[in-house]
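From first to last, the protein sequence lines are chains A and B. According to my numbering, the first sequence is numbered sequentially starting from 1. According to my numbering, the second sequence is numbered sequentially starting from 230.
Protein chains: 2
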Amino acid sequence: MKKRQLIERVSKEAEEDHAQPRLTRADWLEKALEMLIQNGIDAVRITRLADLLGVTRGSFYWHFADRNELLEAMLDVWQQSNTASVIQAATAPGTLQDRILALFICWLDPELFDPRLDFAVRDWARGDAALQAVIAQSDQQRMDALIAMFAAHGFAERQAIIRARNFYYTQMGYYALNVREPLSVRLSYVATYFETYTDEKLDPQAEADFRQKVIARKELWGDERIPAR
Amino acid sequence: MKKRQLIERVSKEAEEDHAQPRLTRADWLEKALEMLIQNGIDAVRITRLADLLGVTRGSFYWHFADRNELLEAMLDVWQQSNTASVIQAATAPGTLQDRILALFICWLDPELFDPRLDFAVRDWARGDAALQAVIAQSDQQRMDALIAMFAAHGFAERQAIIRARNFYYTQMGYYALNVREPLSVRLSYVATYFETYTDEKLDPQAEADFRQKVIARKELWGDERIPAR
DNA sequence: CCAACGCCATACAGTGGTGTATTGGAAGAT
DNA sequence: ATCTTCCAATACACCACTGTATGGCGTTGG
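1) Checking contacts by CB at 9 Å: is Met-149(A) closer than that to chain B?
2) Does the segment 120-130 of chain A come close enough to the segment 36-46 of chain A that 3 or more CB-CB pairs lie under 8 Å?
3) Express the C-alpha separation of Lys-3(A) and Ala-302(B) in angstroms, rounding to a whole number.
4) Quick one: list the residues of chain A neighbouring Asp-428(B), beta-carbon separation under 8 Å, in chain order.
5) Looking at C-alpha atoms only, which residue of Tyr-189(A), Gly-154(A), His-153(A) is the closest neighbour of Ile-390(B)?
6) In chain B, which residues lie with their C-beta within 9 Å of the C-beta of Arg-186(A)?
7) Kindly give me the distance between the Cβ atoms of Thr-83(A) and Arg-22(A), rounded to whole angstroms, as I take these residues to be in contact under 8 Å.
8) Apart from the five residues just before and just after Ala-318(B), which ones in its own chain have a Cβ nearer than 8 Å to its Cβ?
9) Report yes if the C-beta distance between Ala-176(A) and Tyr-404(B) is below 9 Å; otherwise report no.
10) Can you tell me whether Arg-165(A) is buried or exposed? The criterion is at least 16 other CB atoms within 10 Å of its CB, across all chains shown.
11) Whose CA, out of Ala-191(A), Leu-96(A), Arg-25(A), lies closest to the CA of Asp-66(A)?
12) If the cut-off is 9 Å on Cβ atoms, which residues from the segment 286-304 of chain B count as contacting chain A, listed in chain order?
13) For my contact list, Leu-346(B) and Leu-262(B) are in at a C-beta cut-off of 8 Å; report their separation, rounded to the angstrom.
14) Throw me the rounded Cβ distance for the Gln-80(A) and Leu-202(A) pair, which I believe falls under 8 Å.
15) Nearest-angstrom Cα distance between Ala-248(B) and Ala-151(A)?
16) Determine the extent of the alpha helix (DSSP H) in which Asn-178(A) is found, giving its start and end residues.
17) At 7 Å on the CB atoms, spell out the chain B contacts of Ala-79(A), in chain order.
18) Using the C-alpha atoms, what's the distance from Arg-186(A) back to Gln-159(A)?
19) What residues in the segment 117-145 of chain A have a beta carbon less than 8 Å from any beta carbon of chain B?
20) Which class does His-292(B) belong to by DSSP, given the choice of helix, strand or coil?
21) Run down chain B in chain order and give the residues with a C-beta less than 7 Å from the C-beta of Ala-191(A).
22) In the structure shown, what three-state DSSP assignment does Ala-349(B) receive?
23) Expressed to the nearest angstrom, what Euclidean distance is found between the alpha-carbon atoms of His-382(B) and Ala-358(B)?
24) Check whether the Cβ of Asp-343(B) lies closer than 9 Å to any Cβ atom in chain A.
25) Grouping DSSP H, G and I as helix and E and B as strand, with all else coil, what is Ala-182(A)?
26) Thinking C-alpha only, which one of Thr-421(B), Val-306(B), Ser-288(B) is nearest Leu-265(B)?
27) Is it buried or exposed for Pro-115(A), if we count other Cβ within 10 angstroms and need 16 for buried?
28) Near Ala-321(B), what residues of its chain come up, given a Cβ to Cβ distance below 7 Å and the 5 sequence neighbours on each side ignored?
29) If I'm right that Val-179(A) touches Leu-108(A) with Cβ under 8 Å, what's the distance once you round it to whole angstroms?
30) Would you mind sorting Leu-299(B) into buried or exposed? The rule is 16 or more other CB atoms within 10 Å of its CB.
31) Suppose the cutoff is 6 Å on Cβ atoms and the five residues either side in sequence are ignored; what does the same chain contact list for His-63(A) look like?
32) Please go through the same chain and pick out, in chain order, the residues whose beta-carbon is closer than 7 Å to the beta-carbon of Leu-52(A), but skip the five residues on each side of it.
33) Is Gly-356(B) helix, strand or coil when you go by DSSP?
34) When you check each C-beta in the segment 401-412 of chain B against every C-beta of chain A, which residues fall closer than 7 Å?
Shown next as structure tokens:
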């Protein structure tokens, strides 16, 4: 699901025409998420957001009771975006190859899975046990979907777990290190990773289709969406 | 290298008797690192540290010029602890098996590699390009050591890179997700992971020795060093 | 023994953030 | 055409934190 849609849904507002003269709850929420991603939760200050939005704090306190309400809305957006995308890809119709490639798409398209948001939320949870529990639950849901995917294609329980962990942890590690590689380089690793995870060869035709699909999508998200973090 | 030693070295102070009536630069630094790990860089406030140390801020401004000097000292400690441990393990004498196991020890012993510090520093770098560059350099050094390790034991260039990435990213992903497992569970995965990374069987005797070694070390770091993050 | 140094307390000025109360004004509804 | 409703500006009280200036006091060395 598109993030802006989610933001508006969480804000309980209908999607309206752009170029509004006044702000909506969703506008504040969007800016706050942007701030969270770029500078961490402690940078999400009402004063600062008001400056960026070109209004005073008076506006904020009309849309939200207080800062806490904003934070809760932000968490709602996260909960309903990244995890849902992973699970959807892992349970996609088709062969194991189809599903793995769907997951690779997920890893590559920030509209489906935004690693910056994911890690910003994880950092946010530092020192907050309740939030950590929420995140752990989401991780468990993602892992369960991945384990089920491998298990459904012939891997025994323990093997499915190890493969799911390798698959998921490797990708999270990649994000955690904030690696910055051009898309072409990432694409060149796809076949090798696929074989590592599945012990099968990746069908060359499928790989070609995948490349084309990703490049077509890339047009949509624009050129430089590689996170500066 | 032990972290407290490093802290004192960075503070340019000799190790003294405990139970000092007055504080040293190292005491402030240690508390600040603790705060960074538990609550992030934005929680590293002079006022708060002073409260925790039971003194007023007057003490701080005797030991440090300003907050910035403290932050630089904290970064020095990180630079000289985690990365050094990884490189040392990866270049340890012996077979590939010896080195991999040395790295596993690293992953398990927070005195050698403290993942909480590592990720706290990564989070700190959010929105700070200069700091990101420092971290990227450390990551590169670690990766180079791992690639060289695999290459030195017969893996071709590309294979060595993929294996090093899998090895390192998987572990970083594990830490990033803040997984909390008992030591016994982690130990039970060692052999399987070893085989995944090397395509060799882990010598049962070596595995037994490893278990014993880790458990002996565990006595040293105490029981509950599993990060609450 | 007392003088200098090392470490800390106190007081002050300044900044940036929160939340509340009140007022102002433009768009839609009737 | 006026009357709500929605959104934003302004003003106020309050708190957390930084950094500086200065004074106090115990410890140590000459």
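The beta-carbon is built from N, C-alpha and C at its ideal position, and this holds for glycine as well.
Working from what's here:
1) Start at 1 with the first residue of the first sequence, and residue 149(A) comes out as number 149. Interface flag for Met-149(A) against chain B is unset, since no Cβ pair is found closer than 9 Å.
2) Contact holds: three or more Cβ-Cβ distances are below 8 Å.
3) One-based indexing of the second sequence puts residue 302(B) at position 73. One-based indexing of the first sequence puts residue 3(A) at position 3. The alpha-carbon atoms of Ala-302(B) and Lys-3(A) are separated by roughly 40 Å.
4) Locating residue 428(B) in the second sequence gives position 199, where the first residue counts as 1. By Cβ distance, chain A contributes nothing, its closest Cβ being about 11 Å from Asp-428(B), past 8 Å.
5) Taking the first residue of the second sequence as 1, we reach residue 390(B) at position 161. Distances from the alpha-carbon of Ile-390(B) to those of Tyr-189(A), Gly-154(A), His-153(A) put Tyr-189(A) closest.
6) Counted from its first residue, the first sequence places residue 186(A) at position 186. What Arg-186(A) touches in chain B: nothing, since even the nearest Cβ is about 12 Å away.
7) Along the first sequence, read from residue 1 onward, the residue named residue 83(A) stands at position 83. Along the first sequence, read from residue 1 onward, the residue named residue 22(A) stands at position 22. The Cβ separation is near 33 Å, so there is no contact.
8) Along the second sequence, read from residue 1 onward, the residue named residue 318(B) stands at position 89. For Ala-318(B), same chain residues with a beta-carbon under 8 Å away, outside a window of 5 residues either side, are Arg-328, Ala-331, Leu-332, Ile-334, Cys-335, Leu-341 in chain order.
9) Here residue 176(A) corresponds to residue number 176 of the first sequence, with the count starting at 1. Here residue 404(B) corresponds to residue number 175 of the second sequence, with the count starting at 1. Less than 9 Å separates the beta-carbon of Ala-176(A) from that of Tyr-404(B).
10) In the first sequence, the residue the question calls residue 165(A) occupies position 165. Only buried fits Arg-165(A), as 16 or more other CB atoms lie within 10 angstroms of its CB.
11) Within the first sequence, the letter at position 66 stands for residue 66(A). For the set Ala-191(A), Leu-96(A), Arg-25(A), the Cα lying nearest the Cα of Asp-66(A) is the one of Arg-25(A).
12) Listed in chain order, the positions of the segment 286-304 of chain B with a beta carbon within less than 9 Å of a beta carbon of chain A would be empty, since no residue qualifies.
13) Walking along the second sequence from the start, residue 346(B) turns up at place 117. Walking along the second sequence from the start, residue 262(B) turns up at place 33. In this structure, Leu-346(B) and Leu-262(B) form a Cβ contact; the two beta carbons are roughly 7 Å apart against a cut-off of 8 Å.
14) As a first step, residue 80(A) is located in the first sequence; it is residue number 80 there, counting from the start. As a first step, residue 202(A) is located in the first sequence; it is residue number 202 there, counting from the start. Wrong, their Cβ atoms sit about 32 Å apart, outside the cutoff.
15) Along the second sequence, read from residue 1 onward, the residue named residue 248(B) stands at position 19. Along the first sequence, read from residue 1 onward, the residue named residue 151(A) stands at position 151. Legend: pLDDT at Ala-248(B) = 47, less than 50; position of this residue unreliable, value from coordinates given subsequently. So the alpha carbons of these two residues sit roughly 57 Å apart.
16) Against the first sequence, residue 178(A) aligns to sequence position 178. According to the DSSP assignment, Asn-178(A) belongs to no alpha helix (DSSP H), since it is labelled neither H nor E.
17) Position 79 of the first sequence, counted from the first residue, corresponds to residue 79(A). The question names Ala, but residue 79(A) in the sequence shown is Gln. Within chain B, no residue comes near Gln-79(A); the closest Cβ sits about 16 Å away, beyond 7 Å.
18) Along the first sequence, read from residue 1 onward, the residue named residue 159(A) stands at position 159. Along the first sequence, read from residue 1 onward, the residue named residue 186(A) stands at position 186. Going by the C-alpha atoms only, they are around 26 Å apart.
19) Listed in sequence order: Phe-119, Ala-120, Arg-122, Asp-123, Ala-125, Arg-126, Gly-127, Ala-129, Gln-132, Ile-135, Ala-136, Asp-139.
20) Start at 1 with the first residue of the second sequence, and residue 292(B) comes out as number 63. Three-state result, His-292(B): helix.
21) Locating residue 191(A) in the first sequence gives position 191, counting from the first residue. Within chain B, no residue comes near Ala-191(A); the closest Cβ sits about 11 Å away, beyond 7 Å.
22) Mapped onto the second sequence, residue 349(B) falls at position 120. It is helical.
23) Translated into positions along the second sequence, residue 382(B) becomes position 153. Translated into positions along the second sequence, residue 358(B) becomes position 129. About 36 Å.
24) Your numbering for residue 343(B) matches position 114 in the second sequence. Judged by the 9 Å Cβ criterion, Asp-343(B) is not in contact with chain A.
25) In the first sequence, the residue the question calls residue 182(A) occupies position 182. Ala is not the amino acid found at residue 182(A); the sequence shown has Pro there. The answer is coil: DSSP assigns Pro-182(A) none of H, G, I, E or B.
26) Here the question's residue 265(B) lines up with position 36 in the second sequence. Nearest of Thr-421(B), Val-306(B), Ser-288(B) to Leu-265(B), Cα basis: Val-306(B).
27) Indexing the first sequence from 1 puts residue 115(A) at position 115. Buried.
28) The residue labelled residue 321(B) in the question sits at position 92 within the second sequence. For Ala-321(B), where only same-chain residues beyond five positions count, the Cβ hits under 7 Å are Asp-327, Arg-328, Ala-331.
29) Residue mapping note: residue 179(A) aligns to position 179 of the first sequence, counting from 1. Residue mapping note: residue 108(A) aligns to position 108 of the first sequence, counting from 1. Their Cβ separation, rounded to whole angstroms, is 13 Å, which puts Val-179(A) and Leu-108(A) out of contact at 8 Å.
30) As a position in the second sequence, residue 299(B) is number 70, starting the count at 1. Within 10 angstroms of the beta-carbon of Leu-299(B) lie 16 or more other beta-carbons, which makes it buried.
31) What you label residue 63(A) is simply residue 63 of the first sequence in a count that begins at 1. The beta carbon of His-63(A) sits closer than 6 Å to the beta carbons of Arg-25, Trp-28 from its chain, once the five residues preceding and following it are set aside; these are given in chain order.
32) Here residue 52(A) refers to the residue found at position 52 of the first sequence. Excluding residues up to 5 positions away in sequence, Lys-31 lie with their Cβ nearer than 7 Å to the Cβ of Leu-52(A) in the same chain.
33) Along the second sequence, one-based indexing puts residue 356(B) at 127. Three-state DSSP puts Gly-356(B) in coil, outside helix and strand.
34) Listed by position, the residues of the segment 401-412 of chain B near chain A (Cβ gap below 7 Å) are Met-401, Gly-402, Tyr-403, Ala-405, Leu-406, Asn-407.
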